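Chemist: Here's a structure for you.
Number of protein chains: 2
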Amino acid sequence: MAARGYGQYCGLSRALELLGERWGLLIVRDLLSGPHRFADLEASLVGIPTSVLTNRLKELETAGLITRVPVHTPRRGTAYTLTDDGLALEPTLVELGRWGGSRMGGPRDGEVVTAESLAMALRTTFRPDRAAGMDRELGLVMGDNVLTVTIRDADFDVTVGGAATPASVLHATPQIKRLIDGNLTPEEAVAEGVVRVDGDPSALDDFASVFRLD
Amino acid sequence: MAARGYGQYCGLSRALELLGERWGLLIVRDLLSGPHRFADLEASLVGIPTSVLTNRLKELETAGLITRVPVHTPRRGTAYTLTDDGLALEPTLVELGRWGGSRMGGPRDGEVVTAESLAMALRTTFRPDRAAGMDRELGLVMGDNVLTVTIRDADFDVTVGGAATPASVLHATPQIKRLIDGNLTPEEAVAEGVVRVDGDPSALDDFASVFRLD
DNA sequence: CCGGATCCTCGGTGATACTG
DNA sequence: CAGTATCACCGAGGATCCGG
C-alpha cells in the first residue's frame with residue numbers, strides 16, 4: 003500500500019514518496035476548493051480509474067493529508083477534505099502550477115478545463131498588490147463550470163459551484179488565458195468573443211488587473 | 003516516450019506531465035548543484051535503473067529542462083545541466099522539500115544521505131535575514147559527502163566536493179537535523195557527538211543560526 | 001445511484017547483464 | 001564511462017460488477 007521509497011533521508015524524497023505517484027497532487031489540488039465526494043473527484047479527474055482513486059485516497063489518508071468527513075447535502079454520504087498538513091501544500095502547488103502555466107501554450111486536442119483547474123489558475127496568477135482596497139464578488143462561467151470569485155482587499159477566495167449569484171458574471175472560453183497572460187486587452191477579449199460580461203463591465207477590467215501572469 | 007498526459011488544460015497537470023514521473027524531480031534536484039555526469043547521477047540516485055535514468059534524461063531534455071554539455075575534467079565526456087526553465091524550478095523544489103522535511107522524523111532503516119540531499123536541506127532551511135552582513139566559508143562533511151558552504155550577506159551558495167579547504171569544517175551526522183530543527187543547541191550537538199568542529203568554533207554557531215527550520 | 005471492489009491487459013519500473 | 005538489452009513484475013488503465 004505504501005508507495006515505494008527512494009531510500010534517501012531527504013525532505014524532497016519523502017514528499018515525493020507521499021504524493022509523487024500519479025494523480026496524487028491533482029487530488030490535493032481538487033481538495034483545495036473544499037471537501038469532495040468520491041464521485042466529485044472521479045468526475046473532475048477525467049479518466050482516473052476508480053481503483054487508483056481509491057488507493058490514492060487511502061494513501062493520502064494514511065499519510066495524514068486528508069480525512070473523511072460526513073456530508074449531508076445534497077445527500078448523506080462521505081467526503082474527503084484536507085487536513086492542516088495537506089492544506090500546507092497550497093503554496094507549493096501554486097508555485098508548481100505557475101511554473102507549468104507560464105510554459106503552457108494553448109489547449110491541446112481533447113484537453114478539458116475543470117472547475118478545479120480553473121480555480122488553480124486563478125490562485126497561481128492572483129496579484130495581491132493589485133487587489134489592495136478592492137471589494138468585489140463576481141461569477142466566472144466556462145462551459146459547465148461555475149465559480150464564484152470574491153476579491154477583498156489584497157486577498158481572494160474561490161468557491162466552486164454557483165450557489166450565490168453575483169451581480170457580475172464573466173462568461174469565458176479557455177482562450178481567457180491570453181487575457182491573463184497579458185496578450186489580450188479586456189476590450190479585445192470581448193471583441194474576439196473570448197469573454198462576455200453579464201452585469202457591470204468594470205468587473206472584467208478588475209479581473210484582468212488582478213489575475214495576471216508575470 | 004512522452005509521459006502520459008492528464009487531459010486537462012491546467013498548469014499543474016502540464017508540470018506533472020513533464021516531471022511527475024518517478025525519479026524526475028530528484029534528477030532536477032541533483033542538477034541544482036551544477037552539471038552532473040551520467041555516472042554521478044547514477045551514484046547519487048541510489049537504486050535508479052540505468053534504463054530509467056536514460057529515459058528521464060531524454061524526456062527532460064526534450065522538455066527543454068536540461069541540456070547536454072561537454073566536460074573535460076577530470077576526464078572528457080558529457081554532462082547534464084539545467085536550462086533556465088529547469089533552474090526556474092528551484093523555488094518550487096525548495097518549497098516541496100521544506101514541506102517534506104518539516105514532517106520528516108529521523109532516518110529510516112537503510113536510508114542514506116547524499117551530498118545533493120544535504121545541499122537541498124540547506125536550501126530549504128536557509129534564513130536570509132539571519133545571514134545579513136555575514137561573510138563566511140565553511141566545509142560540511144557527512145560520511146563521504148563534502149560540501150562547501152559560502153554565506154555572504156543574506157545569500158549563500160553550496161558546492162559539492164571539497165576542492166577548496168575552508169578554514170572551518172563541520173563534521174556532522176544525519177542527526178544534525180535536530181540542530182536545524184531547533185531541538186538541539188550547538189553545545190549539545192557537540193556534546194552528543196552530532197557535530198565536531200575543525201577550526202573556528204563560532205562557525206557552528208553561525209551555521210546553527212543561519213540554517214534553521216521554522 | 002453512490003462508493004467502491006474485482007478482473008484483465010498493458011506499459012513502466014526494477015534489476016541485471018552486456019556493449020561501444 | 002555511458003549507456004543498451006532483456007525480462008520479471010507491479011501498478012495504471014479500462015470495464016464490469018457488487019453492497020448499501
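Sequence lines, in order, name chains R and L. If you're matching positions, the first sequence starts at 3 in the working numbering and goes up one per residue. If you're matching positions, the second sequence starts at 3 in the working numbering and goes up one per residue. Yeah, the Cβ is synthetic: ideal placement off N, Cα and C, and Gly gets one too. In this text, all values refer to a predicted model and were calculated from it rather than measured experimentally.
DSSP three-state label for L/T56, please.
Modeler: In this structure, L/T56 counts as helix in the three-state DSSP scheme.
Chemist: Taking only three categories from DSSP, how would you classify L/I50?
Modeler: Coil.
Chemist: Which residues does DSSP pair with R/G147 in a beta bridge?
Modeler: Gly is not the amino acid found at residue 147 of chain R; the sequence shown has Asn there. According to DSSP, R/N147 bridges with R/M144.
Chemist: Whose CA, out of R/E194, R/D216 and R/L181, lies closest to the CA of R/D208?
Modeler: It is R/L181 whose Cα lies nearest to the Cα of R/D208.
Chemist: Classify R/H74 as buried or exposed, calling it buried when 16 or more other Cβ atoms lie within 10 Å of its own Cβ.
Modeler: Looking at its Cβ environment, which holds fewer than 16 other Cβ atoms inside 10 Å, R/H74 is exposed.
Chemist: Per DSSP, what kind of secondary structure is R/R154 in: helix, strand or coil?
Modeler: R/R154 falls in the strand class under three-state DSSP.
Chemist: Could you give the residue range of the alpha helix (DSSP H) that holds R/G66?
Modeler: Element bounds for R/G66: n/a, residue is neither H nor E.
Chemist: Using a beta-carbon distance below 8 angstroms, is L/R58 in contact with chain R?
Modeler: Taking Cβ atoms only, chain R never reaches closer than 8 angstroms to L/R58, which makes this a no.
Chemist: Which ranges would you report for the alpha helix (DSSP H) in the stretch 174-215 of chain R if only whole runs of at least 4 residues count?
Modeler: 178-182, 188-193 and 204-212, all fully within the stretch 174-215 of chain R.
Chemist: Is it right to say L/T80 is buried, meaning 16 or more other beta carbons lie within 10 angstroms of its own, or is it exposed?
Modeler: With fewer than 16 Cβ atoms within 10 Å of its Cβ, L/T80 is classed as exposed.
Chemist: So, with DSSP's three-state summary, where would you put R/D137?
Modeler: Looking at R/D137 - three-state DSSP - the assignment turns out to be strand.
Chemist: Where L/F213 and L/R198 are concerned, what is the direct C-alpha to C-alpha distance, given to the nearest angstrom?
Modeler: Cα-Cα distance, rounded: 17 angstroms.
Chemist: Kindly indicate which residue of R/D155, R/T126, R/G163 and R/M144 has the alpha-carbon position closest to the one of R/D137.
Modeler: Taking only the C-alpha atoms, the option nearest R/D137 is R/D155.
Chemist: Is the stretch 168-180 of chain L touching the stretch 190-206 of chain L, taking contact as three or more C-beta pairs under 8 angstroms?
Modeler: As far as the Cβ criterion goes, the stretch 168-180 of chain L touches the stretch 190-206 of chain L, which means the pair count is three or higher.
Chemist: Can you tell me which of the three DSSP states L/V115 falls into?
Modeler: The answer is coil: DSSP assigns L/V115 none of H, G, I, E or B.
Chemist: How long is the line joining the alpha carbons of R/T126 and L/G107, rounded to whole angstroms?
Modeler: R/T126 and L/G107: Cα-Cα distance of roughly 31 angstroms.
Chemist: My output table needs one value for L/T161: the three-state DSSP class, helix, strand or coil.
Modeler: Here L/T161 sits in strand by DSSP.
Chemist: Interface residues of chain L around R/G99 at Cβ under 8 angstroms?
Modeler: Neighbours of R/G99 on chain L, chain order: C12, G13, L14 and A17.
Chemist: The alpha helix (DSSP H) spanning R/T94 covers which residue range?
Modeler: Per DSSP, R/T94 belongs to the alpha helix (DSSP H) from E92 to S104.
Chemist: Pick from L/G195, L/L140 and L/L62: whose alpha carbon is nearest that of L/E23?
Modeler: For L/E23, the nearest C-alpha among the options comes from L/L62.
Chemist: R/T69 and R/T85: beta carbons closer than 8 angstroms?
Modeler: It is a contact, given that the beta carbons lie within the stated cut-off.
Chemist: With a Cβ-Cβ cutoff of 8 angstroms, do L/A134 and R/G13 count as a contact?
Modeler: In this structure, R/G13 does not lie closer than 8 angstroms to L/A134 by Cβ.
Chemist: Closest to R/R1 by C-alpha separation, out of R/R77, R/P72 and R/P176, would be which residue?
Modeler: Not covered by the structure: residue 1 of chain R. The range shown for chain R is 3 to 216.
Chemist: Whose Cβ in chain L lies nearer than 9 angstroms to the Cβ of R/L62?
Modeler: What R/L62 touches in chain L: nothing, since even the nearest Cβ is about 13 angstroms away.
Chemist: In its own chain, which residues sit with a C-beta less than 8 angstroms from the C-beta of L/L18, not counting the 5 before and 5 after it?
Modeler: Closer than 8 angstroms at the Cβ level, and outside the excluded window around L/L18, lie Y8.
Chemist: Between the stretch 109-123 of chain L and chain R, which residues of the former have a C-beta closer than 9 angstroms to a C-beta of the latter?
Modeler: Of all residues in the stretch 109-123 of chain L, P109, R110, G112, E113, V114, V115, T116, E118, S119, L120, M122 and A123 have a Cβ within less than 9 angstroms of some Cβ in chain R.
Chemist: To the nearest angstrom, report how far apart R/L98 and L/L142 are at their CA atoms.
Modeler: Those two C-alpha atoms are separated by around 30 angstroms.
Chemist: Spatial neighbours of R/V148 within its chain, please: C-beta separation below 8 angstroms, excluding the five flanking residues on both sides.
Modeler: Excluding sequence neighbours, R/V148 sits near A117, G141, L142, V162, G163 and G164.
Chemist: Tell me which residue opens and which closes the alpha helix (DSSP H) that R/A17 is part of.
Modeler: G13 to L21 is the span of the alpha helix (DSSP H), which, as asked, contains R/A17.
Chemist: Compute the Euclidean distance between the alpha carbons of R/S53 and L/R31, then round it to the nearest angstrom.
Modeler: Whole-angstrom Cα-Cα distance: 31 angstroms.
Chemist: I'd like the span of the beta strand (DSSP E) that includes R/G79, first residue to last.
Modeler: It spans G79 to L84 - the beta strand (DSSP E) in which R/G79 sits, taken as one unbroken run.
Chemist: Buried or exposed: R/K179, going by 16 or more other Cβ atoms within 10 Å of its Cβ?
Modeler: The residue in question, R/K179, is buried, as its Cβ has 16 or more Cβ neighbours within 10 Å.
Chemist: Look at the alpha carbon of R/E139 and the alpha carbon of R/F158, and state the distance between them as a whole number of angstroms.
Modeler: Between R/E139 and R/F158, the C-alpha separation is close to 10 angstroms.
Chemist: Of all the CB atoms in chain L, is at least one closer than 8 angstroms to the CB of R/R1?
Modeler: Because chain R is modelled from 3 through 216, residue 1 of chain R falls outside the range shown and cannot be assessed.
Chemist: Whole angstroms are fine: how far does the CA of R/L20 sit from the CA of R/A65?
Modeler: Using only the alpha carbons, I get a separation of about 7 angstroms.
Chemist: Could you compute how far the alpha carbon of L/V192 sits from the alpha carbon of L/L186?
Modeler: L/V192 and L/L186: Cα-Cα distance of roughly 10 angstroms.
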